[in-house]
Structure formats: structure tokens, C-alpha cells
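Visitor: Sharing a structure below in C-alpha cells format, with a few things to ask.
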Amino acid sequence: MTSATAGALPFVEALSAKGERTFTDQEFPPDDRSLYVDPRNPPLKLQVVSEWMRPSDIAKETSISSQPCLFSGSVNSSDVCQGRLGDCWFLSAVVVLTEMSRISEVIITPAYNEEGIYTIRFCIQAGT
45 MTSATAGALP FVEALSAKGE RTFTDQEFPP DDRSLYVDPR NPPLKLQVVS
95 EWMRPSDIAK ETSISSQPCL FSGSVNSSDV CQGRLGDCWF LSAVVVLTEM
145 SRISEVIITP AYNEEGIYTI RFCIQAGT
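Residue numbering for the sequence shown follows our numbering, beginning at 45 and increasing consecutively.
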């Protein structure tokens with residue numbers, strides 16, 4: 045068991061106690077409250093998310109038979125593509141991960157988690 049998996053154990057136990065199968069962050073819910081300052085009146089040009097989906101739901105829709113994964117095989121910076129969401133700062137950080145051989149395993153929980161619980165480390169001036 046990795047430290048990230050061990051750290052998720054209390055969350056998994058709490059889910060089980062509530063009779064739920066997947067984790068939903070109440071501070072970042074899968075709705076407009078997580079995207080807009082005023083979710084009842086979002087700017088029209090920013091209304092780009094039509095549906096929130098879990099990785100397992102995306103895999104079902106695209107007929108992918110294996111478990112969802114963030115990176116598969118060798119990773120290249122050209123594998124990262126920006127959609128309409130406008131999250132270029134986050135995606136540029138992901139591109140950096142593709143350039144470093146093992147860094148993604150240290151920063152992001154490497155294995156698929158059925159409960160939807162992942163650990164992501166955000167570092168500011170790491171190593172200084």
C-alpha cells in the first residue's frame with residue numbers, strides 16, 4: 045500500500061459508512077459552484093462545461109474496455125491538449141510532468157481509484 049493509498053483509507057471508510065461508493069468533494073462539487081463566482085449568472089462566453097463526468101463514465105461512453113488512466117505507456121508533451129475550459133496554467137504544469145521521467149508518480153496518485161480519491165501534491169518553489 046502506497047502512502048497515497050494509505051492516506052485515502054479514512055475517506056474510503058467514511059464512504060462505506062455512509063453507503064456511498066464514490067467520493068465527492070463538498071468544497072469543489074461537480075456543478076457550476078466550482079466554476080463561477082456567481083453560479084446562478086455565469087458569463088455566457090465561459091459556459092463551456094456541459095456535463096461533469098468521472099473517468100469511469102468517460103471510459104463507458106467511449107467504449108474503452110480497460111480502467112481509466114492519466115498516462116498510458118510513454119508520455120509526450122503533445123499528449124496534453126487544451127479544450128475550451130481555459131485552464132492553460134494547469135495544463136502547462138501537466139506538460140512539465142510529461143517531461144520529467146518519474147515526477148508524475150510522486151505528484152499524482154499513480155493508480156486508478158474506484159472511489160475517486162486521488163492525492164495531488166502542488167509544490168511552490170520545490171527544492172529551494
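Where is the CB? At the ideal position from N, CA and C, for every residue including glycine. Bear in mind the structure is a predicted one, so any value in this text is a computation, not a measurement.
Hey, valine 93 and leucine 129: beta-carbon distance below 8 Å or not?
Guide: As a position in the sequence shown, residue 93 is number 49, starting the count at 1. As a position in the sequence shown, residue 129 is number 85, starting the count at 1. Their beta carbons are under 8 Å apart, which means valine 93 touches leucine 129 by this criterion.
Visitor: Once DSSP output is grouped into helix, strand and coil, what is the label at isoleucine 164?
Guide: Walking along the sequence shown from the start, residue 164 turns up at place 120. If DSSP states are grouped into helix, strand and coil, isoleucine 164 belongs with the strands.
Visitor: To the nearest angstrom, how far is the alpha carbon of leucine 53 from that of aspartate 131?
Guide: The residue labelled residue 53 in the question sits at position 9 within the sequence shown. The residue labelled residue 131 in the question sits at position 87 within the sequence shown. Roughly 30 Å separates the two Cα atoms.
Visitor: Need the endpoints of the alpha helix (DSSP H) that alanine 155 sits in, please.
Guide: As a first step, residue 155 is located in the sequence shown; it is residue number 111 there, counting from the start. Counting along the chain, alanine 155 sits inside no alpha helix (DSSP H), nor does DSSP assign it H or E at all.
Visitor: Helix or strand or just coil, what does DSSP make of threonine 68?
Guide: Numbered from 1 along the sequence shown, position 24 holds the residue referred to as residue 68. Looking at threonine 68 - three-state DSSP - the assignment turns out to be coil, as it is neither helix nor strand.
Visitor: Less than 8 Å between the CB atoms is what I'm expecting for asparagine 157 and threonine 142, so what's the real figure, rounded?
Guide: Translated into the one-based positions of the sequence shown, residue 157 becomes position 113. Translated into the one-based positions of the sequence shown, residue 142 becomes position 98. In this structure asparagine 157 is not in contact with threonine 142, their Cβ atoms being roughly 21 Å apart against a cut-off of 8 Å.
Visitor: Less than 7 Å between the CB of glycine 63 and some heavy atom of the ligand NAD, yes or no?
Guide: With respect to small molecules bound, the structure shown includes none, and the ligand NAD cannot be examined in it.
Visitor: Roughly how many angstroms separate the alpha carbons of asparagine 85 and isoleucine 102, rounded to a whole number?
Guide: Taking the sequence shown and counting its residues from 1, one reaches residue 85 at position 41. Taking the sequence shown and counting its residues from 1, one reaches residue 102 at position 58. Separation of asparagine 85 and isoleucine 102 (C-alpha to C-alpha, rounded to the nearest whole angstrom) is 28 Å.
Visitor: Mind checking whether proline 112 and serine 122 have CB atoms under 8 Å apart?
Guide: Reading the sequence shown from its first residue, position 68 is the one you call residue 112. Reading the sequence shown from its first residue, position 78 is the one you call residue 122. In this structure, serine 122 does not lie closer than 8 Å to proline 112 by Cβ.
Visitor: What is the rounded straight-line gap between the Cα of aspartate 69 and the Cα of methionine 97?
Guide: Along the sequence shown, read from residue 1 onward, the residue named residue 69 stands at position 25. Along the sequence shown, read from residue 1 onward, the residue named residue 97 stands at position 53. Using only the alpha carbons, I get a separation of about 14 Å.
Visitor: Tell me the rounded alpha-carbon separation between aspartate 75 and glycine 63.
Guide: The residue you call residue 75 lines up with position 31 of the sequence shown. The residue you call residue 63 lines up with position 19 of the sequence shown. Cα to Cα, aspartate 75 sits roughly 22 Å from glycine 63.
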